[in-house]
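Chains as they are written, first to last, in this note's numbering: chain A, 15 to 130; chain B, 3 to 457.
See structure below.
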């Protein structure tokens, strides 16, 4: 397991109007440097973002948590990672961690740590 | 918003929807001129030639024109499908629709000048069948498969079918007119024509788009499933029953049978109730949006939904309580009030709300695509307000509210028609200025990004 730590940069776009989330993410990506990990909080699963990330040479991890209703608590659903969004337009809680390809193992380690 | 169902990759060029948007102010000027030259008499009855010309100029020239532009843009995003040769098809649709609307306006006005109407009616009939009919038919073919994911597309499909029904009823009315009532069709069918147009075509498409747009642009929660899944279908079926009942009544000469009239008023009541439920649900969703920052577009939506609710509530009361109409007339209510407020207060308000969001959004989308995978170019991507400032949106809102106010005082006292005419010219003149301005800023940014890509 890689021991070097990634410096996390939080970016919460969950309350922004379209297309501001995408713009802010692209700006943050342009400013990202190796050794850093961009943690994006989104209310939707931004499918158009992922091919861009791959093309730009980033690696990413997506955690999607489905909300049953606004009033119910979030339930943990690790199996839904990267699975296509189910149905409907309901809000989700999506966390996307992005890092440079060179930091792939560190990103994996970071996610492992969170699971424990 | 289900981003998994959204596809931003085959969007048509910026100029494709814009050509429709830019045509709308031209028809708004024509509408304003009709109001200015027709004077007070057109506000007395819906059968006045100028009133008919004005209604069609607004509904086809402004509303349907903007809707077609927006549909061309939304279709690839919502359904992942786009028309082949979209530039050619959009230009042809725009040309035939403009020709059709102009000749229809001329045909209605012709009787005032003693010209031959038949030719102009025939030209508009052919133009709309080929242009709008062909366009909607092609789109229905594209989205023929029922989509599980997108309630928006399913609702819009019903709206498109309604558009075709509007055309069929219009042809019946036209045939009846041109061939001197050989088909035994009375003016009862005109109500159906208007209902399919305003509730079926325009409102259903708006409702379908709102399921997607309110959560996306205004960070509102999604519509409840019962509303997005079943309400549009309910409205469509009621409209269908309503028309079949009317056709039955007119064809079988049963106009005086109370049971049929009863069925008809039940249908009207259900339609207004359905729309009222939608209005309340949409207001509730908008009210629960995250970050309640003041936003011109949201204000327009509230005005629109308020007008929709008010129109439907009054229509509902008129339907169930016989004394309501008399009471309203004694208060200065005009027979045109309901339809006018429905068109200008509900539909045009939604169009104002959408167009100030859609145009900068489109410009952004094209710029983002132009950046491709060039990281340095991302810094040049504009914020929405850099493309269209908040204060300008605010002025557009004021001018819209003023037009609405001018409309209401014209309905109360038709002598104020000149104010309405000026207000519409002002509002759409300003909208035209804003659209040209955003296009200019878009081109400047596109040039800057091009330069950045070369370095």
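Yeah, the Cβ is synthetic: ideal placement off N, Cα and C, and Gly gets one too.
Keep in mind it's a predicted model, so treat the numbers as computed, not measured.
Which listed residue (the options) has its alpha carbon closest to that of residue i
i, options, result
"residue 43(A)", "66(A), 119(A), 108(A)", "66(A)"
"residue 28(B)", "64(B), 147(B), 37(B), 441(B)", "64(B)"
"residue 294(B)", "31(A), 68(A), 21(A), 22(A)", "31(A)"
"residue 155(B)", "385(B), 80(B), 126(B)", "80(B)"
"residue 350(B)", "392(B), 430(B), 394(B)", "430(B)"
"residue 146(B)", "44(B), 72(B), 83(B), 133(B)", "83(B)"
"residue 123(A)", "78(A), 70(A), 51(A)", "51(A)"
"residue 70(B)", "138(B), 423(B), 333(B)", "138(B)"
"residue 176(B)", "435(B), 125(B), 332(B), 404(B)", "125(B)"
"residue 365(B)", "427(B), 377(B), 446(B)", "446(B)"
"residue 438(B)", "56(B), 15(B), 20(B)", "20(B)"
"residue 15(B)", "32(B), 74(B), 24(B), 207(B)", "74(B)"
"residue 436(B)", "419(B), 395(B), 449(B)", "395(B)"
"residue 42(B)", "343(B), 416(B), 424(B)", "416(B)"
"residue 128(A)", "53(A), 115(A), 47(A), 45(A)", "53(A)"
"residue 252(B)", "452(B), 193(B), 105(B)", "193(B)"
"residue 348(B)", "206(B), 40(B), 361(B)", "206(B)"
"residue 157(B)", "77(B), 218(B), 86(B), 195(B)", "77(B)"
"residue 57(B)", "426(B), 342(B), 451(B)", "342(B)"
"residue 404(B)", "391(B), 385(B), 426(B), 102(B)", "426(B)"
"residue 27(A)", "218(B), 296(B), 210(B)", "218(B)"
"residue 190(B)", "181(B), 171(B), 180(B)", "171(B)"
"residue 401(B)", "198(B), 115(B), 346(B), 87(B)", "346(B)"
"residue 267(B)", "233(B), 228(B), 324(B), 231(B)", "324(B)"
"residue 443(B)", "408(B), 386(B), 455(B)", "386(B)"
"residue 368(B)", "440(B), 392(B), 264(B)", "440(B)"
"residue 321(B)", "269(B), 334(B), 282(B)", "269(B)"
"residue 281(B)", "260(B), 298(B), 263(B), 313(B)", "313(B)"
Interface partners of residue i on chain D, CB under 7 angstroms
i, result
"residue 48(A)", "Absent here is chain D; the protein component of the structure consists of chains A and B."
Cβ-heavy atom distance, residue i to the ligand PLP, below 7 angstroms
i, result
"residue 263(B)", "Among the components of this structure there are no ligands whatsoever, and the ligand PLP is therefore not found."
Whole-Å CB distance - residue i paired with residue j, under 8 angstroms assumed
i, j, result
"residue 162(B)", "residue 96(B)", "Going by Cβ atoms, the distance from residue 162(B) to residue 96(B) rounds to 18 angstroms, so no, they are not a contact pair."
"residue 412(B)", "residue 421(B)", "7 angstroms"
"residue 287(B)", "residue 222(B)", "5 angstroms"
"residue 307(B)", "residue 284(B)", "5 angstroms"
"residue 160(B)", "residue 276(B)", "The Cβ separation is near 13 angstroms, so there is no contact."
"residue 58(A)", "residue 108(A)", "7 angstroms"
"residue 74(A)", "residue 39(A)", "The pair is not a contact, with the Cβ atoms about 11 angstroms apart (cut-off 8 angstroms)."
"residue 41(A)", "residue 363(B)", "About 17 angstroms separates the two Cβ atoms, so there is no contact after all."
"residue 220(B)", "residue 128(B)", "Going by Cβ atoms, the distance from residue 220(B) to residue 128(B) rounds to 41 angstroms, so no, they are not a contact pair."
"residue 53(B)", "residue 337(B)", "Not a contact, Cβ separation roughly 10 angstroms."
"residue 109(B)", "residue 123(B)", "4 angstroms"
"residue 273(B)", "residue 241(B)", "7 angstroms"
"residue 55(B)", "residue 111(B)", "5 angstroms"
"residue 372(B)", "residue 448(B)", "6 angstroms"
"residue 383(B)", "residue 37(A)", "5 angstroms"
"residue 247(B)", "residue 202(B)", "Not confirmed; about 16 angstroms, so no contact."
"residue 164(B)", "residue 213(B)", "Their Cβ separation, rounded to whole angstroms, is 17 angstroms, which puts residue 164(B) and residue 213(B) out of contact at 8 angstroms."
"residue 399(B)", "residue 302(B)", "6 angstroms"
"residue 68(B)", "residue 305(B)", "At roughly 17 angstroms, the Cβ-Cβ gap does not stay under 8 angstroms, so residue 68(B) and residue 305(B) are not in contact."
"residue 100(B)", "residue 59(B)", "About 11 angstroms; that fails the 8 angstroms criterion."
Which residues DSSP lists as bridging residue i, in chain order
i, result
"residue 114(A)", "72(A)"
"residue 313(B)", "Answer is none; residue 313(B) lacks a bridge partner."
"residue 302(B)", "Note: residue 302(B) sits in no beta bridge, so no partner."
"residue 55(A)", "26(A), 109(A)"
"residue 50(A)", "21(A)"
"residue 77(A)", "109(A)"
Near-chain A residues of the segment 192-221 of chain B (beta-carbon distance less than 8 angstroms), N- to C-terminal order: Cβ contacts with chain A come from 213, 214, 217, 218, 219, 220, 221.
Contacting positions in the segment 64-83 of chain A - beta carbon closer than 8 angstroms to chain B: Sequence-ordered contacts of the segment 64-83 of chain A with chain B read 66, 69, 70 [C-beta pairs closer than 8 angstroms].
Uninterrupted alpha helix (DSSP H) stretches inside the segment 232-300 of chain B (no shorter than 4 residues): Unbroken alpha helix (DSSP H) runs of no fewer than 4 residues, entirely contained in the segment 232-300 of chain B, are found at 260-289, following chain order.
Contact set between the segment 437-450 of chain B and chain A, restricted to residues whose Cβ is under 7 angstroms from the partner: For the segment 437-450 of chain B, the set of positions with a beta-carbon nearer than 7 angstroms to some beta-carbon of chain A is empty.
Contacting positions in the segment 283-298 of chain B - beta carbon closer than 7 angstroms to chain A: Of all residues in the segment 283-298 of chain B, 292, 293 have a Cβ within less than 7 angstroms of some Cβ in chain A.
Near-chain B residues of the segment 32-57 of chain A - C-beta to any C-beta below 8 angstroms: Of all residues in the segment 32-57 of chain A, those with a C-beta nearer than 8 angstroms to a C-beta of chain B are 32, 33, 34, 36, 37, 40, 41, 43, 44, 57, reading in chain order.
Under 7 angstroms (Cβ pairs) to chain A, residues found in the segment 19-35 of chain B: Answer set for the segment 19-35 of chain B: empty.
Start-end ranges of the beta strand (DSSP E) lying completely within the segment 356-386 of chain B, minimum 3 residues: Within the segment 356-386 of chain B, no run of beta strand (DSSP E) reaches 3 residues while sitting entirely inside it.
Alpha helix (DSSP H) runs contained entirely in the segment 59-128 of chain B, provided each spans 4 or more residues: If only complete runs of 4 or more residues are kept, the segment 59-128 of chain B shows the alpha helix (DSSP H) at 67-81, 88-115, in order along the chain.
Short-range partners of chain A found in the segment 76-95 of chain B, where Cβ spacing is below 9 angstroms: Under the 9 angstroms Cβ criterion, the segment 76-95 of chain B contributes no residue.
Interface positions of the segment 339-368 of chain B facing chain A (Cβ-Cβ less than 8 angstroms), listed along the chain: Under the 8 angstroms Cβ criterion, the segment 339-368 of chain B contributes 363, 366, 367.
Contacting positions in the segment 383-400 of chain B - beta carbon closer than 8 angstroms to chain A: Across the segment 383-400 of chain B, CB contacts with chain A closer than 8 angstroms involve 383, 385, 386, in sequence order along the chain.
Near-chain A residues of the segment 223-235 of chain B (beta-carbon distance less than 9 angstroms), N- to C-terminal order: Residues passing the 9 angstroms Cβ filter: 223, 224, 225, 227, 230.
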